[in-house]
Every structure is written in structure tokens, then in C-alpha cells.
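For reference, the structure discussed in these notes is given below.
Number of protein chains: 2
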Amino acid sequence: MIVIKSGVTSPNGFLASGIKAGIKRSGRADLALLYSEVPAVAAAAFTTNRFQASPVKVSKDHIKAKKHQAIIVNSGNANCANGSIGDKDALKMTEFIGNALFLDKREVLVASTGIIGAYLPLAKIEKAIPELAGELSGDHGTSFAEAIMTTDTVKKELAVKVKLGKATVTIGGACKGVGMIYPLMKTERHATMLCFLTTDAAITKKMLAASLDEAIGDSFNMISVDGDMSTNDSCFIMANGLAKNREINSRGSDYGKFTESLKFVMSELSKKLVRDGEGATKFVEILVTGAKSESDAKAIARKISTSNLLKCAVCGEDPNWGRIVAAAGSSGVNFDPDKVDVYLGNLKALSDGASVKGLDKNRAHKLFTKRDVHIKVDLKSGSHEATAWTCDFSKEYVAINSEYST
Amino acid sequence: MIVIKSGVTSPNGFLASGIKAGIKRSGRADLALLYSEVPAVAAAAFTTNRFQASPVKVSKDHIKAKKHQAIIVNSGNANCANGSIGDKDALKMTEFIGNALFLDKREVLVASTGIIGAYLPLAKIEKAIPELAGELSGDHGTSFAEAIMTTDTVKKELAVKVKLGKATVTIGGACKGVGMIYPLMKTERHATMLCFLTTDAAITKKMLAASLDEAIGDSFNMISVDGDMSTNDSCFIMANGLAKNREINSRGSDYGKFTESLKFVMSELSKKLVRDGEGATKFVEILVTGAKSESDAKAIARKISTSNLLKCAVCGEDPNWGRIVAAAGSSGVNFDPDKVDVYLGNLKALSDGASVKGLDKNRAHKLFTKRDVHIKVDLKSGSHEATAWTCDFSKEYVAINSEYST
Chain A
6 MIVIKSGVTS PNGFLASGIK AGIKRSGRAD LALLYSEVPA VAAAAFTTNR FQASPVKVSK
66 DHIKAKKHQA IIVNSGNANC ANGSIGDKDA LKMTEFIGNA LFLDKREVLV ASTGIIGAYL
126 PLAKIEKAIP ELAGELSGDH GTSFAEAIMT TDTVKKELAV KVKLGKATVT IGGACKGVGM
186 IYPLMKTERH ATMLCFLTTD AAITKKMLAA SLDEAIGDSF NMISVDGDMS TNDSCFIMAN
246 GLAKNREINS RGSDYGKFTE SLKFVMSELS KKLVRDGEGA TKFVEILVTG AKSESDAKAI
306 ARKISTSNLL KCAVCGEDPN WGRIVAAAGS SGVNFDPDKV DVYLGNLKAL SDGASVKGLD
366 KNRAHKLFTK RDVHIKVDLK SGSHEATAWT CDFSKEYVAI NSEYST
Chain B
6 MIVIKSGVTS PNGFLASGIK AGIKRSGRAD LALLYSEVPA VAAAAFTTNR FQASPVKVSK
66 DHIKAKKHQA IIVNSGNANC ANGSIGDKDA LKMTEFIGNA LFLDKREVLV ASTGIIGAYL
126 PLAKIEKAIP ELAGELSGDH GTSFAEAIMT TDTVKKELAV KVKLGKATVT IGGACKGVGM
186 IYPLMKTERH ATMLCFLTTD AAITKKMLAA SLDEAIGDSF NMISVDGDMS TNDSCFIMAN
246 GLAKNREINS RGSDYGKFTE SLKFVMSELS KKLVRDGEGA TKFVEILVTG AKSESDAKAI
306 ARKISTSNLL KCAVCGEDPN WGRIVAAAGS SGVNFDPDKV DVYLGNLKAL SDGASVKGLD
366 KNRAHKLFTK RDVHIKVDLK SGSHEATAWT CDFSKEYVAI NSEYST
């Protein structure tokens with residue numbers, strides 16, 4: 006596998022565009038389109054939030070179609086909590102693209118991100134469709150990645166190439182979302198991070214969904230910026246087969262290679278989100294090992310990743326590891342506290358549930374002065390592990406989020 | 006029921022003290038003692054965190070004794086994650102008081118609050134015992150309330166008097182804890198908020214535990230400052246019978262009156278904690294009504310109370326109610342989003358799951374400029390309700406918690 010630059014338009018046959026439709030008051034780009042020149046199979050994962058945004062409802066219905074060719078995305082408005090008007094508006098967005106690109110509306114998926122509870126300026130979107138479709142290009146992957154941004158400070162895109170038999174398959178992706186980030190997405194059931202993945206691999210719709218499901222559990226579902234789960238989180242992948250590999254239709258070695266590559270792309274994109282987390286100055290990786298089950302390891306790692314106290318300590322470069330202990334213990338997972346070791350980097354702070362006497366506080370502090378902070382919790386009770394990623398909690402986070410809608 | 010000033014020493018027969026033992030580097034009072042002149046029955050609730058501080062382990066064992074007369078409390082050190090040394094130290098604290106007051110150590114309870122993972126300066130505590138016992142007085146309830154404080158900016162105490170038959174029963178209390186506040190305590194099983202309650206009511210140990218259990222579910226277990234659950238949360242009550250009421254030994258009308266009064270004291274103390282929450286500038290009350298069950302209502306209210314995004318919005322006086330919707334939907338409770346109404350004060354923002362058109366934004370903003378912000382979520386699916394309390398999330402919170410241990 007090799008990592009290449011660019012993003013959603015790297016695989017063969019994908020075009021994209023991103024333009025200014027006037028949805029955002031800032032005047033920045035806010036409408037984006039992703040298009041496969043040939044029919045593709047698609048899979049998607051959506052937020053498990055009980056309140057689901059209208060575009061999530063429409064995409065959950067449309068994803069049932071056999072083939073898809075386009076995804077329309079707006080930023081600046083979540084089209085959530087808008088009742089039946091919101092549902093109609095989201096459906097209209099797919100119809101606009103269907104009409105412009107000669108597709109059935111069910112072959113078009115839709116996503117929105119922005120403020121909740123404001124009605125969509127549909128007339129502005131309709132007016133912008135000719136430009137949006139007209140700008141479609143293999144060179145506009147970056148415009149796409151920019152137009153989906155909200156409080157993001159940098160665009161997030163990536164692509165990799167992997168050999169499957171004699172064919173070279175490319176997987177590309179772009180994502181956004183640096184606040185209200187604590188996704189828990191389920192494939193075709195239930196993620197405001199948005200992620201758009203493209204590949205020219207030949208793969209069945211069923212295997213594509215399985216691959217996305219595997220990859221999402223170890224990537225987007227393991228990140229937190231603020232512990233707030235969005236109503237709009239969505240992750241889409243389209244596979245158009247233009248790489249001409251032997252179609253992946255079962256869990257063989259090609260499926261394994263494809264899934265590993267997809268997992269890599271999604272993990273890297275997840276980490277980009279966390280590094281750009283609202284107000285973030287630090288990146289924190291939390292590894293939980295020695296768990297009885299993967300779900301135990303994930304639950305503990307995820308709980309630690311949402312500890313406001315730990316995140317403030319990281320911001321202040323204060324190695325107050327007791328906050329890791331308190332968070333782990335409140336995860337709801339049953340484990341023996343007297344067996345637990347906690348490491349800051351490679352420095353052991355807790356050993357068999359007791360604080361290490363004579364802990365080198367200067368060394369501990371130094372580890373917390375780095376841009377990347379590594380924490381390990383070893384339960385010493387099993388062979389399962391999980392990694393979660395978060396950022397620190399800074400005054401800037403509060404500033405960003407106390408001034409959003411007004 | 007009438008509310009009186011003072012706190013833990015208001016009921017007959019209770020003495021208290023609070024002194025400086027040198028545990029806190031700040032030099033403030035850090036050691037406290039509560040004493041009943043006659044044997045009392047006691048009940049307690051402790052944190053459900055998997056990591057339990059040593060004083061929690063010791064008190065969970067000692068609470069099994071039939072009678073109790075004293076509680077020793079230190080601030081500045083949580084005595085948590087200190088392994089068997091910590092356990093021995095906590096036990097020693099009860100022995101010190103036992104020796105000083107001619108009690109069996111099992112008649113003494115213990116609580117600690119402060120940094121996790123630092124060993125207790127036991128020699129300093131031992132040295133301070135004569136002064137601590139010597140200062141015991143019916144006038145030192147306030148000294149007690151001050152010595153248990155950590156990042157608290159004000160002491161929190163309260164007492165009420167209630168008529169039971171011909172007798173007048175007094176219930177007093179003091180509590181501390183304005184960070185790492187998201188308690189979920191269980192009676193005699195498993196709260197760093199600390200709460201100490203005293204009463205001169207005559208009541209059996211069993212009924213006292215039942216009453217505490219009822220009251221805690223609607224008070225301390227419904228507050229959040231930062232969503233971080235402590236390893237040390239503990240709530241104690243001692244009842245010494247000196248009011249000479251007919252002993253409460255079943256769920257009759259006296260039990261009901263006593264429990265209502267206890268619930269009032271505990272709710273008021275809970276709200277005092279939230280109002281003094283680290284960095285707090287606002288107080289937020291979240292009422293969830295129309296739920297299918299009380300547990301559903303509590304789960305949703307508690308989830309909303311931990312939304313960092315909502316708490317930042319409140320800080321910025323920004324009525325961004327979409328964040329309430331997102332938080333409610335991520336509570337894990339199954340409800341029909343299309344039925345939900347959301348109110349800011351008495352202003353309806355969401356009606357039947359759809360944002361109210363023409364919402365008076367100035368009025369909404371004005372409601373958020375007040376010191377107390379009221380939010381109501383009506384699920385319109387049942388007859389159960391619950392209230393949770395939280396504070397806003399300010400830059401000051403981050404400042405306080407990025408500089409704690411260093």
C-alpha cells in the first residue's frame with residue numbers, strides 16, 4: 006500500500022466540485038458534489054442519535070438502491086429538527102442533482118452539517134445547482150474537501166493505492182468535523198463528522214458495507230473532541246469498479262487487503278479531525294490493553310477520551326494521571342482495579358492499582374509538553390486492546406462554542 | 006418544615022471541628038471531624054466508580070456496624086490509587102479517632118478528597134488528632150464545612166426542622182465538591198462530592214438507608230459539573246434519636262415527612278454545589294417531562310446536563326437549543342423524536358420535533374442572559390419526569406483544571 010496525495014477524486018472515474026451557494030453567512034464555500042462517471046455500489050454508516058437530521062433519513066432510504074452515482078453536501082446548516090419541511094428539503098436536494106445529472110433521485114445521497122433547528126435556504130441551493138454540476142472535475146477534490154468544512158481550520162483528505170491481483174486499486178477520502186465529535190455510527194442503520202470515501206475497486210455492495218463496518222469501528226467510532234454526539238454524522242463510500250480487479254464478493258485475501266487499506270485511510274482521516282479539534286493544541290492517543298474483550302477495551306478507551314478533566318490537564322501539560330484512573334473506573338466495565346497499570350508514554354505511573362513511589366515528575370511533565378501525548382492502560386486481564394484518539398480541552402474551545410449561532 | 010441557618014451541628018447532640026493539618030500546600034484547613042455525643046445509626050452511599058478510593062473501601066466495611074459516632078474527613082488528598090498502603094492509611098485514620106474518642110474503629114467512618122495517586126501524609130494527620138478532637142463543638146459546624154473544601158469557593162451547609170408527632174426533628178448537612186462532579190451513588194454499595202448529614206430523628210438503620218436512597222436519586226445523582234465521576238464520592242448520614250420522636254421503623258407518614266425533608270436538604274445542597282461549579286457563571290435546570298419511565302427521564306436529563314456544547318452556549322448566553330436536541334437524542338433512550346417539544350424558559354423552540362418558525366430570538370437570548378437558565382424537554386409519551394442541574398462551561402473551568410496538580 007502506498008499513500009498518495011489528493012483525495013476523493015484520486016480513484017478512476019470520480020469527479021467533484023465545491024462552490025459558494027450563500028448558505029454560510031461568512032460567504033465561504035458551502036455546497037459540494039461528488040460524482041462517479043459510472044454507476045457505483047455504495048455503503049454508508051449513520052449516527053445512532055435518536056434525533057436524526059433530515060438528510061440522514063433520506064440517505065438511509067436511498068442507500069437501499071442498488072447503484073449510486075452522486076452525493077450532494079451542504080455546510081452551514083444541519084437541516085435537523087425541521088420536521089417534515091426538512092425531510093422534503095433534503096429529498097429536493099437529491100432531486101436537483103438527479104435532474105442535473107440524469108440520475109434517479111434514489112441514486113443520489115445527501116448530507117448536511119451546520120446549525121441545528123434552522124430551515125434550509127433551499128432556493129439558494131436550487132439556484133446554485135448549475136454551477137455545482139458545471140464545476141465537476143477530477144481536479145476539484147480539494148474544492149470538495151473545502152466546501153464541506155464548518156469550524157475546521159484545515160481541509161482533510163487522503164488517498165492510498167493497493168495492489169489486488171494485477172490491478173491497482175485506489176481509495177480516496179475527505180472528511181470534516183472538529184466539534185460535536187463523538188461519533189458512534191452503524192452501517193446502514195445508524196455518524197457532525199462527515200466522511201466521503203471513493204474507490205475504483207470492483208466489490209459487491211454487500212462486501213463494501215461489511216468492509217466499511219469493520220473499518221469504522223476502529224476509526225471514526227474511536228474519536229472524541231467533546232463527547233457530544235451529532236444528529237448528522239454520516240460516512241459514505243462509493244465503489245465504481247473501474248480498477249478492473251477481480252470483483253471482491255467474499256471475505257478472501259483481496260477483501261482483507263482492501264479492508265486494511267480502507268481502515269488505514271479512515272484512521273488517518275479520523276486523526277486529522279482530532280488534530281484539528283476545536284481549540285486543540287494537543288493530540289492524545291489512549292491505548293487500552295489486556296482487556297477481556299474488544300468491547301471492554303473500546304468502552305474504557307472511549308470513556309477516557311471524553312474526560313474533561315484529563316483533557317484540561319493535557320492542555321495545561323499537567324501529568325495528572327489520577328484523572329485517567331477515575332475515567333477508566335467510570336466506564337461501566339467490570340475489571341480488577343488492583344491489577345491495573347497506567348503508563349504516560351513509557352513511564353509507569355500506576356502499578357497493580359497503586360501509584361508508583363518516586364515517580365519522576367519532571368519526566369512525566371516533559372511527556373505532557375509534547376504535541377502528541379500517549380497514554381496506556383493495561384488491565385492485565387485478557388488479550389484484547391483498543392485505541393481511542395482525542396485532543397486537549399482549551400479555553401479556545403469554550404470561546405469557539407459560546408459564539409456559534411449568534 | 007422550616008429552613009434554618011447552620012448545618013451539621015444543628016440537630017441535637019452533634020459536635021464538629023475543622024482544623025489545619027498541613028495536608029494542603031495552600032495552608033488552608035484540611036482536616037474535619039463530625040461527632041455524635043450518643044451512639045447513632047448511620048447510612049451511606051458511595052461512588053459506583055470501579056476504582057474506589059481507600060477511604061471508600063474502609064467506610065463501606067465500617068458502615069456494616071450497628072452504631073456509629075464519628076466521621077473523619079481530610080481534603081487535599083483523595084487517598085486513591087494507593088494500593089494496600091492507602092487502605093491501611095484510611096483504616097489508621099479511623100483508629101486515631103477511635104483512640105481519641107473511646108470508640109471502636111468500626112464506629113468511625115472516613116472520607117477523603119483531593120488529588121488521586123499521591124500517598125497520604127499520615128504522620129501529619131496523626132499529629133493533628135488531639136487538636137481535631139479538642140476543637141469539637143456545637144459551634145464549629147462552619148469550621149467543618151470549610152475544612153472539607155477543595156476548589157470550592159464558598160462553604161455549603163443547610164438545616165431544616167420538621168414536626169414528627171409532637172417532636173421537632175432537625176436535619177443538618179454540609180457538602181463540598183465543584184469539580185469531577187457527576188455522581189452516581191448507591192446506598193451501602195457504592196459519590197469527589199462529599200456530603201455529611203446529621204439528624205436527631207429516631208429512626209432505624211434500615212429506614213435511614215431507605216430514606217437516603219430515595220433522596221439521593223433525586224438530588225446528588227442528578228447533578229453534573231463536568232461529567233467526570235469521582236473515585237471518592239460519599240454521602241453519609243447519622244441519626245442519633247435525641248429528638249425523642251416515635252422511632253421511624255416503617256414506611257408510614259413520619260417516614261414520608263422525614264424523607265421529604267431530607268430530600269429538600271440534599272437537593273438544596275446539590276444545587277449549591279452546581280452554583281459553585283468550577284468556573285461557573287450560570288445555573289441550569291433541565292426538566293424532562295412526558296417520559297415513559299422515571300429512569301428514561303433521568304437518563305435524558307443527565308445526558309443533557311453533560312453536553313459540553315450546551316454548557317458553552319449557556320456561558321456565551323447563546324440560545325443554541327439544537328444542542329439540547331442532539332444531547333437528548335444521544336442518551337440511549339428510545340423515544341419518538343417527532344413528538345418532542347423543547348422550551349427555553351416558557352418559550353417553545355421545538356414543537357413536535359420541528360423548530361418553531363418565527364422563534365423570537367431576542368426573547369430566547371434574554372432568557373439566556375439570566376443567572377438561572379431553565380430548559381424543558383417534553384417527550385409527550387408518558388407521565389414521568391426528572392430534573393437535572395448543571396452549570397455553564399467557561400474558560401475559567403479550563404484554567405482551574407489545567408493547573409491543579411502542578
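So the protein lines, in turn, are chains A and B.
Quick note on the numbering used here: the first sequence kicks off at 6 and runs consecutively.
Quick note on the numbering used here: the second sequence kicks off at 6 and runs consecutively.
Each residue gets a CB set at the ideal place from its N, CA and C atoms; glycine is no exception.
Bear in mind that the values here come from a model prediction, so they are computed numbers and not experimental data.
Shown here, Phe340 of chain B sits in coil according to DSSP, grouped into three states, outside any helix or strand. The straight-line gap separating the alpha-carbon atoms of Gly334 of chain A and Ala333 of chain B is approximately 24 Å. When Cβ-Cβ separations below 8 Å define contact, Arg55 of chain A makes contact with chain B.
Two segments are said to touch when three or more pairs of C-beta atoms, one from each, lie closer than 8 Å; by this definition the segment 201-218 of chain B does not touch the segment 306-326 of chain A. Ranked by Cα distance from Met98 of chain B, the options B:Leu169, B:Ser59 and B:Gly119 are led by B:Ser59. Around Lys29 of chain B, the same chain offers Asp35, Ser80, Gly81 and Gly119 as residues with beta carbons nearer than 8 Å, after the five sequence neighbours per side are excluded.
Per DSSP, reduced to three states, the secondary structure at Pro126 of chain A is coil, with no helix or strand assignment. Taking 8 Å as the cut-off, the beta carbon of Val293 of chain B is found closer than this to the beta carbon of Glu390 of chain B. DSSP places Phe107 of chain B outside both helix and strand once states are collapsed to three, so it counts as coil. When Cβ-Cβ separations below 8 Å define contact, Ser360 of chain A makes contact with chain B. For secondary structure counted as the beta strand (DSSP E) over 3 or more consecutive residues, the segment 32-66 of chain B holds these complete runs in sequence order: 36-52. Here Val319 of chain B really is in contact with Phe373 of chain B; their C-beta atoms are around 7 Å apart, less than 8 Å. Using a CB distance cut-off of 8 Å, Gly334 of chain A counts as an interface residue toward chain B.
Cβ neighbours of Val183 of chain B within its own chain (closer than 7 Å, five residues either side excluded): Thr156, Asp157, Val230, Leu278, Asp281, Gly282 and Glu283. At a cut-off of 8 Å between C-beta atoms, Ala123 of chain A counts as an interface residue with respect to chain B. With a cut-off of 8 Å on Cβ pairs, the segment 107-123 of chain A is in contact with the segment 84-91 of chain A, counting three or more such pairs.
About 4 Å separates the beta carbon of Thr197 of chain B from that of Asn237 of chain B, a gap short enough to meet the 8 Å contact definition.
In the DSSP annotation of this structure, the continuous segment of the beta strand (DSSP E) that includes Asp377 of chain B starts and ends at Asp377 to Asp383. The beta carbon of Glu273 of chain A is closer than 7 Å to those of Leu163 in its chain, skipping five residues each way along the sequence. Met198 of chain A carries a coil assignment under DSSP once its states are collapsed to helix, strand and coil.
For Glu299 of chain B, no CB of chain A lies under 8 Å from its own CB, so it is not counted at the interface with that chain. Excluding the 5 residues flanking it on each side, Lys65 of chain B has same chain C-beta neighbours closer than 7 Å at Phe51, in chain order. Taken in chain order, the members of the segment 356-384 of chain A whose beta-carbon sits within less than 8 Å of a beta-carbon on chain B are Asp357, Gly358, Ala359, Ser360, Lys362 and His370. The alpha-carbon separation between Gly32 of chain B and Glu42 of chain B amounts to approximately 30 Å. DSSP lists A:Ile77 as the beta-bridge partner residues of Val115 of chain A. Per DSSP, the unbroken alpha helix (DSSP H) holding Cys317 of chain B starts and ends at Asn313 to Cys320. Rounded to whole angstroms, the gap between the alpha carbons of Glu136 of chain B and Pro126 of chain B is 17 Å.
Using a Cβ distance threshold of 8 Å, Thr173 of chain B and Thr204 of chain B do not count as a contacting pair. Where Gly177 of chain A is concerned, the enclosing beta strand (DSSP E) starts and stops at Ala172 to Lys181. At least one C-beta of chain A is nearer than 8 Å to the C-beta of Ala86 of chain B.
In the DSSP assignment, Val347 of chain A falls within the unbroken beta strand (DSSP E) covering Asp346 to Leu349. The beta-carbon separation of Asp357 of chain A and Gly88 of chain B, rounded to 7 Å, stays under the 8 Å limit for a contact.
Linking Met243 of chain B to Ala48 of chain B through their CA atoms gives a straight-line distance of about 7 Å. Shown in chain order are the members of the segment 219-232 of chain B whose Cβ falls below 8 Å from a Cβ of chain A: Asp231 and Gly232. Cβ contact annotation for Gly170 of chain B (same chain, cutoff 8 Å, sequence separation greater than five): Asn250, Arg251 and Asp259, in chain order. Contact annotation for Met234 of chain A against chain B: Ala331, Ala332, Gly334 and Ser335 [CB-CB distance below 9 Å, chain order].
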